[in-house]
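So in the UniProt record's numbering, the last spot in the sequence shown is 723, and the numbers never skip. Glycine included, each C-beta is placed from N, C-alpha and C at the ideal position. What follows is a single structure, written as structure tokens, with notes after it.
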Amino acid sequence: MYNIMESEVYEFSAADLPDKICFCPQAEFNGKPDSLFFNDGVRRIDFILVYEDEDKKEFEKRHTFQRHKRRREYFEASLMKMGMELEATKSVVDEKLLFVKVHMPWDVLCTYAEVLHIKVPLQPNDLTSHYSPWRIFSCITKHFQPNEELIGKESDFFTAPFEKERQGYFHIKDKDLFFTPSMRSKMAFYILTRAPYEIRGNVKKFGITKLLNSGVYKAAYPLHDCRFNVKSKEPDCPNERYLLYNEWAHPKSFYKMQPLDLIRKYYGEKIGIYFAWLGFYTTMLALAAVVGLACFIYGYKTQETSTWSKEVCDPEIGGQIVMCPQCDHFCQYWRLNSTCEASKVKEKIPYTTCGRCVRVSIGIGTVLFWIMLILASVVAITVYRLAVFFAFSTSLRTQGLKELEPIKEYVTPQMATSVTASLINFIAIMILNTVYERVAIWITDFELPRTKTDYENSLTLKMFLFQFVNYYSSCFYIAFAKGKAVGYPGKPVYLVGAYRNEECDPGGCMIELTTQLSIIMSGKAIWNNIQEVLLPWVKNLISRHCTRVTSENTIPRWEQDYRLQPVSKLGLFYEYLEMVIQFGFVTLFVASFPLAPVLALVNNLFEIRVDAWKMVTQFRRIVPEKAQDIGAWQPILQGVAILAVATNAMITAFTSDMIPRLVYYWSFSVYPYGSNTDHTMKGYINSSLSVFSTSDFSNKISLTLKMFSYCLLYQVHPVLHDP
1 MYNIMESEVY EFSAADLPDK ICFCPQAEFN GKPDSLFFND GVRRIDFILV YEDEDKKEFE
61 KRHTFQRHKR RREYFEASLM KMGMELEATK SVVDEKLLFV KVHMPWDVLC TYAEVLHIKV
121 PLQPNDLTSH YSPWRIFSCI TKHFQPNEEL IGKESDFFTA PFEKERQGYF HIKDKDLFFT
181 PSMRSKMAFY ILTRAPYEIR GNVKKFGITK LLNSGVYKAA YPLHDCRFNV KSKEPDCPNE
241 RYLLYNEWAH PKSFYKMQPL DLIRKYYGEK IGIYFAWLGF YTTMLALAAV VGLACFIYGY
301 KTQETSTWSK EVCDPEIGGQ IVMCPQCDHF CQYWRLNSTC EASKVKEKIP YTTCGRCVRV
361 SIGIGTVLFW IMLILASVVA ITVYRLAVFF AFSTSLRTQG LKELEPIKEY VTPQMATSVT
421 ASLINFIAIM ILNTVYERVA IWITDFELPR TKTDYENSLT LKMFLFQFVN YYSSCFYIAF
481 AKGKAVGYPG KPVYLVGAYR NEECDPGGCM IELTTQLSII MSGKAIWNNI QEVLLPWVKN
541 LISRHCTRVT SENTIPRWEQ DYRLQPVSKL GLFYEYLEMV IQFGFVTLFV ASFPLAPVLA
601 LVNNLFEIRV DAWKMVTQFR RIVPEKAQDI GAWQPILQGV AILAVATNAM ITAFTSDMIP
661 RLVYYWSFSV YPYGSNTDHT MKGYINSSLS VFSTSDFSNK ISLTLKMFSY CLLYQVHPVL
721 HDP
């Protein structure tokens, strides 16, 4: 369904249906593995169809197979009636497989080039280009450009949509080369998606996609022009796949600029726009990464000289401050200097209307249900945090932890709880993503969008809303809800009547937010790379092992491509979704995690080459598509950017203690509120703590918690007093 919808509705006259079945001619393989032509060496292969011979299948299922055979024969007859030329060749590896080669003659190409408004060269561009001031850096930038001897600069032409009746106006030197292979395969696929394969009464069934889904054909794809690591032996082969691998997808070319013109020419405009956008986004990350890295380095270098850290770590100051227990029965009193390392980390963070309404309503209801399911998982993780925190508070405060001696200073109950909860949350996110992906596709199919653009926009909105809540809900909870309503030791606030509400780490909620972000971002990057690189490579390795042939057999180009992985029906959807979610992590919480742009930049430098590598080496050639922009992702990115301004402002104002510190530094540290003569952070620890009298503990509290006359905590409440 997805592939047969078009973003535009074209007007064209339907081809006459075949009066009688005409069979596709068969030919033996001519022994030329790099050939991109029929056996006559003249007609170029524009598309490949693959099916299994029904006569060689199980006898018990002959009725199903015979129906498949009738549909396939009618479909191929329709193609030939529409002007396409076919030639079938048996597989050299599996005798059951047959490959149907599809060729579009010149007249058919002209007809459908006009139908699809394909832009072609009109005449060479004779306008002089404007001088660019950046040319003075050409001596430096030329080392980062693809090899011009291999990938020459494309000729610049004025272009116009093709018109069959005005062929003389276009720059036609060679009819066989005028339409590029990507244009030819685009037009061939357009015909394949509209050719009928069965007519019953007034019902006409058509389209290669339905035949693929029903098993009539096993695959349909355009050909790569050569192997990715070996040049073709055929004369006049452009070897564009080989060039793309060596100058773009190979790891040795990681520092080079992308050959966007060649990418667009080989894969089409939609793929070219994606990689152009990804390159631009990665370039823009560089500035943010420099600023974030500078902030991190500055915080790391100044952590030992920070007045805040010195007071917390000083045995005579932080070591003498007794903090209140953080739970009712099992937690113990603790000294402020036990959070010495955490305080240093803290310093680093500066179609009928009615029917359609019913279908859409069901879709909206399903999306809302899954969003509520995510929120329920966040509540479950919160309950886990509370339950495990009590266990860690008992064990970590009372045991020596000799086995954790190298990292003992960093292991606090809150930190241990935060790390384990973040890992569990990440696993829950991945599971929910996998399940909801299938649900979202089913809902979108059920809504029956009219065009491909409507389908993509609908699916994009559903998946983004779900993943936005799935990935960011726990981060929003830590940033804006956790530790905000905890009460005080004498009268704590309880969650679901049983668990005392969760407090922030002694170093603040910013540390936990940073932990959450780093685990989710790193885990997501690792998981995506496993899915994008390892799985296709392993599948192709298994396929080559299972279809191993003897050395005397030569595998033709179309059969080599058949053994590659099929392209996803959703195309670039998951690549865009991955980058948009990453953009949210980089922008929404950058005030808490300034290293996020650095991680994103490193990830994207690999992402560009990983996407290029898998597309060039592991997958069949993608059917080219037209595109003008990145579609529905553009307004989504704009919305995330606007929201990021608000979230970072609120993190700075409410989650971090930047404003209290500034107020203390400029006002309360000097006369008339303080005794210091110069502005300083000295004494800020005492000013940020409140005193609680242990006599105000309720009778339900263990008597061991009343062994001190008072204790201190990080909050201000009317019943509490200044130290």
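Thinking just about the alpha-carbon of each residue, which of the options is nearest to the one in residue i?
{"i": "Phe692", "options": "Asn676, Cys711, Lys301", "result": "Cys711"}
{"i": "Val50", "options": "Cys139, Lys218, Met80", "result": "Lys218"}
{"i": "Gln638", "options": "Phe37, Pro196, Val580", "result": "Val580"}
{"i": "Lys119", "options": "Thr514, Phe37, Asn30, Ala627", "result": "Ala627"}
{"i": "Phe573", "options": "Lys614, Ala632, Ala288, Gly523", "result": "Ala632"}
{"i": "Ile685", "options": "Pro660, Ser695, Thr677", "result": "Pro660"}
{"i": "Thr159", "options": "Phe178, Glu73, Trp277", "result": "Phe178"}
{"i": "Pro635", "options": "Ser91, Phe464, Cys226", "result": "Phe464"}
{"i": "Met257", "options": "His250, Phe275, Phe144", "result": "Phe144"}
{"i": "Pro624", "options": "Pro181, Tyr472, Phe296, Ile208", "result": "Pro181"}
{"i": "Phe296", "options": "Ser695, Phe593, Ala646", "result": "Phe593"}
{"i": "Leu689", "options": "Ser232, Tyr74, Val322, Tyr112", "result": "Val322"}
{"i": "residue 732", "options": "Lys491, Ser543, Gly571", "result": "Because the chain in this structure spans residues 1 to 723, residue 732 falls outside the shown range and cannot be described."}
{"i": "Gly523", "options": "Val567, Tyr671, Val419, Val92", "result": "Val419"}
{"i": "Gly483", "options": "Leu713, Gly152, Arg166", "result": "Leu713"}
{"i": "Glu559", "options": "Asp225, Met80, Ile424, Leu588", "result": "Asp225"}
{"i": "Val435", "options": "Thr460, Phe466, Ala288", "result": "Phe466"}
{"i": "Leu541", "options": "Ser253, Arg563, Ser78, His117", "result": "Arg563"}
{"i": "Pro325", "options": "Glu503, Met82, Gln582", "result": "Glu503"}
{"i": "Leu293", "options": "Leu595, Leu98, Val640", "result": "Leu595"}
{"i": "Glu437", "options": "Asp657, Leu459, Asp261, Ile424", "result": "Leu459"}
Starting from residue i, trace the alpha helix (DSSP H) both ways and give me its first and last residue.
{"i": "Val50", "result": "Unbroken run through Val50 is the beta strand (DSSP E), 47-52; no alpha helix (DSSP H)."}
{"i": "Pro597", "result": "596-613"}
{"i": "Phe280", "result": "269-302"}
{"i": "Leu513", "result": "509-529"}
{"i": "Cys546", "result": "535-546"}
{"i": "Lys210", "result": "208-214"}
{"i": "Leu662", "result": "658-663"}
{"i": "Leu109", "result": "106-115"}
{"i": "Met187", "result": "181-192"}
Does the Cβ of residue i have 16 or more other Cβ atoms within 10 Å, making it buried, or fewer, making it exposed?
{"i": "Trp106", "result": "exposed"}
{"i": "Lys265", "result": "buried"}
{"i": "Gly201", "result": "exposed"}
{"i": "Cys475", "result": "buried"}
{"i": "Ser709", "result": "exposed"}
{"i": "Lys270", "result": "buried"}
{"i": "Arg241", "result": "buried"}
{"i": "Lys348", "result": "Here Lys348 scores only 41 on pLDDT, less than 50, and its place in the model should not be relied on; the value that follows carries that caveat. By the 10 Å Cβ count, Lys348 comes out buried."}
{"i": "Lys153", "result": "exposed"}
List the whole-angstrom C-beta distance separating residue i from residue j, where the pair is believed to meet the contact cut-off of C-beta under 8 Å.
{"i": "Tyr245", "j": "Val616", "result": "5 Å"}
{"i": "Ser687", "j": "His679", "result": "The Cβ separation is near 14 Å, so there is no contact."}
{"i": "Lys101", "j": "Glu87", "result": "5 Å"}
Can you confirm whether residue i, when its beta carbon is compared against all beta carbons of chain C, has any partner nearer than 7 Å?
{"i": "Pro105", "result": "Absent from the structure is chain C; it holds one protein chain and no more."}
Look at residue i and residue j and say whether their C-beta atoms are less than 7 Å apart.
{"i": "His103", "j": "Arg43", "result": "yes"}
{"i": "Asn603", "j": "Ala481", "result": "no"}
{"i": "Ala188", "j": "Asp40", "result": "no"}
{"i": "Trp248", "j": "Pro259", "result": "yes"}
{"i": "Gln565", "j": "Phe619", "result": "yes"}
{"i": "Tyr267", "j": "Ile622", "result": "yes"}
{"i": "Ala479", "j": "Thr652", "result": "no"}
{"i": "Thr339", "j": "Ser422", "result": "no"}
{"i": "Arg72", "j": "Val203", "result": "no"}
{"i": "Tyr190", "j": "Phe75", "result": "no"}
{"i": "Phe170", "j": "Asn125", "result": "no"}
{"i": "Ile208", "j": "Thr193", "result": "yes"}
{"i": "Val312", "j": "Gly318", "result": "yes"}
{"i": "Ile511", "j": "Phe426", "result": "no"}
{"i": "Pro235", "j": "Pro556", "result": "no"}
Taking the beta strand (DSSP E) that residue i belongs to, which residues open and close that run?
{"i": "Cys24", "result": "Segment: none, Cys24 is in no beta strand (DSSP E) and carries neither H nor E."}
{"i": "Ser338", "result": "Here Ser338 belongs to no beta strand (DSSP E), and DSSP marks it neither H nor E."}
{"i": "His103", "result": "97-103"}
{"i": "Lys119", "result": "119-124"}
{"i": "Ile199", "result": "196-200"}
{"i": "Ala160", "result": "157-161"}
{"i": "Ser690", "result": "690-693"}
{"i": "Ala220", "result": "219-221"}
{"i": "Glu85", "result": "85-90"}
{"i": "Cys711", "result": "710-713"}
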